[in-house]
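As structure tokens, the structure follows; a few thoughts come after it.
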Amino acid sequence: MLKYNQKACTRSPLRGFTLVELLITMAVLAILLGLAVPTLGGMLAKWHRDSATRAIVSHLQLARAAAIKSTRRVIMCNSIDGTQCAEASQREWSSGWLVFQDDNTNKVLDADDTVIAVTGPLAGIASLRSSNGVRQFVFMPSGLMASGMSSLVVVPRTGHPMRIIINRIGRLRLSEDQT
Numbered sequence: 001m002l003k004y005n006q007k008a009c010t011r012s013p014l015r016g017f018t019l020v021e022l023l024i025t026m027a028v029l030a031i032l033l034g035l036a037v038p039t040l041g042g043m044l045a046k047w048h049r050d051s052a053t054r055a056i057v058s059h060l061q062l063a064r065a066a067a068i069k070s071t072r073r074v075i076m077c078n079s080i081d082g083t084q085c086a087e088a089s090q091r092e093w094s095s096g097w098l099v100f101q102d103d104n105t106n107k108v109l110d111a112d113d114t115v116i117a118v119t120g121p122l123a124g125i126a127s128l129r130s131s132n133g134v135r136q137f138v139f140m141p142s143g144l145m146a147s148g149m150s151s152l153v154v155v156p157r158t159g160h161p162m163r164i165i166i167n168r169i170g171r172l173r174l175s176e177d178q179t
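UniProt numbering numbers the first residue of the sequence shown as 1 and each following residue consecutively.
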């Protein structure tokens, strides 16, 4: 005999959200998003600054390591087109840079020099400049820099700049400028 299950046939009350509950939830979400969006813009600018800083620091370390490994002079210079070092009047580094082994020691990228790395323009950066007008960082086979201490300043579109300080022995340190 077939048993009849009365509990299974009864209609259960509908479950869900009322219109008022949905509107309140949407209002709370809108308020939270309104508070979070300005913070995200600052975080994005800081991320661009830190990304550019990491890129240039890693290439400075690469240039120093390549000079020591190859026992030759290695130069990192700013570049506009990625094929040659920029002219003396061009002090901006945000358009990119080159790292090359200067085999003939003339401080110019020639056909017989070995290109180690090329970097193009950086996104989200207002400027990347040398504080003392240096266009090239020259690392000697000993790992020392040919010039004295220098620094590069990474300036984001908003927020605080980051200073990359390179001392004579090729050691790097970072300093967040509060200006």
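C-beta atoms are modelled at their ideal positions from N, C-alpha and C, and glycine is treated no differently.
Rounded straight-line distance, which links the Cα of residue j to that of residue i
i: Q61; j: G34; result: 42 Å
i: V155; j: R54; result: 14 Å
i: S79; j: T25; result: 53 Å
i: A52; j: V134; result: 18 Å
i: T105; j: D81; result: 22 Å
i: V37; j: I31; result: 10 Å
i: S142; j: A67; result: 7 Å
i: L122; j: G96; result: 7 Å
i: R173; j: G42; result: 23 Å
i: C77; j: L29; result: 49 Å
i: E21; j: R15; result: 13 Å
Beta-carbon proximity of residue i to residue j, cut-off 7 Å
i: V99; j: A111; result: no
i: I169; j: S151; result: no
i: R157; j: A126; result: yes
i: R64; j: D102; result: no
i: K46; j: G120; result: no
i: R171; j: V153; result: no
i: Q136; j: I56; result: no
Residue nearest to residue i in terms of C-alpha spacing, selected from the options
i: R86; options: L109, R72, I68 and D103; result: Residue identity differs from the one stated: residue 86 is Ala in this sequence, not Arg. Answer by Cα proximity: L109.
i: D177; options: S95, R49 and G16; result: R49
i: residue 193; options: R91, I68, R72 and D113; result: The chain is shown only over 1 to 179; residue 193 falls outside these bounds and no answer can be derived.
i: K69; options: G148, F139 and M149; result: F139
i: A146; options: V20, K107, L44 and W93; result: K107
i: L44; options: A88, G16, L19 and G124; result: G124
i: T83; options: V115, N167, M149 and E21; result: V115
i: Q59; options: D113, W93 and S89; result: Checking the displayed sequence, the identity of residue 59 turns out to be His instead of Gln. H59 has its Cα closest to that of W93, out of D113, W93 and S89.
DSSP state of residue i mapped onto helix, strand, coil
i: P38; result: helix
i: M76; result: strand
i: S51; result: helix
i: E87; result: coil
i: T119; result: strand
i: S95; result: coil
Beta-bridge partners of residue i, as assigned by DSSP
i: M149; result: Looking at the DSSP assignment, M149 forms no beta bridge with any residue, so it has no partner.
i: T114; result: Q101
i: Q136; result: C77
i: L128; result: V154
i: I24; result: For I24, which the question treats as bridged, DSSP gives no partner whatsoever.
i: S175; result: R163
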